[in-house]
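Numbering (numbering that gives the first Met the number 0), first residue to last: 0 to 103.
Yeah, the Cβ is synthetic: ideal placement off N, Cα and C, and Gly gets one too.
Comments concern the structure below.
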Amino acid sequence: MPSDPSVQTIASELPNLLRQLEQARDAQWRRSSVPSPRDDTTERSQGVRSDPTANTALDPRRLRLRAAVLRAEGNLERFAEAVQANTAELEATYSAWAGEPAAA
0 MPSDPSVQTI ASELPNLLRQ LEQARDAQWR RSSVPSPRDD TTERSQGVRS DPTANTALDP
60 RRLRLRAAVL RAEGNLERFA EAVQANTAEL EATYSAWAGE PAAA
């Protein structure tokens with residue numbers, strides 16, 4: 000393993016990121032199981048209809064989790080593309096430097 004701190008950080012953090020992302024991908028479509036302040040009461044609501052679908056769709060904690068999942072997925076996609084592009088560039092430029100024929 001190279002001693003580059005960036006590579007070490009990626010190697011040590013990536014498994015945890017993937018575990019967290021898998022867990023969050025499943026949870027992002029559900030309302031948080033922790034009651035929100037307005038739900039955490041023993042009083043019954045007066046004159047307000049319950050709308051579980053809207054409550055789930057608009058749950059701010061769920062929306063923040065969804066945004067975090069999208070950011071993580073986007074970052075992983077960009078990282079994968081950058082690694083592939085860097086690998087191809089390094090292979091080509093090293094081969095040219097070493098006097099090896101270009102790959103077809």
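query	result
Distance between Gly98 and Ala91 (C-alpha atoms, nearest Å)	11 Å
The region 19-30 contacting the region 47-66, beta-carbon criterion three pairs below 8 Å	yes
Extent of the continuous alpha helix (DSSP H) run through Leu75	Pro59 to Ala97
Between the CA atoms of Ala87 and Val53 - distance to the nearest angstrom	It should be pointed out that residue 53 corresponds to Ala in this sequence rather than to Val. When rounded, the distance between both Cα atoms is 48 Å.
Candidates Val68, Pro4 and Gln7: closest to Gln19 by CA position	Val68
Span separating the alpha-carbon of Asp3 from that of Glu72	24 Å
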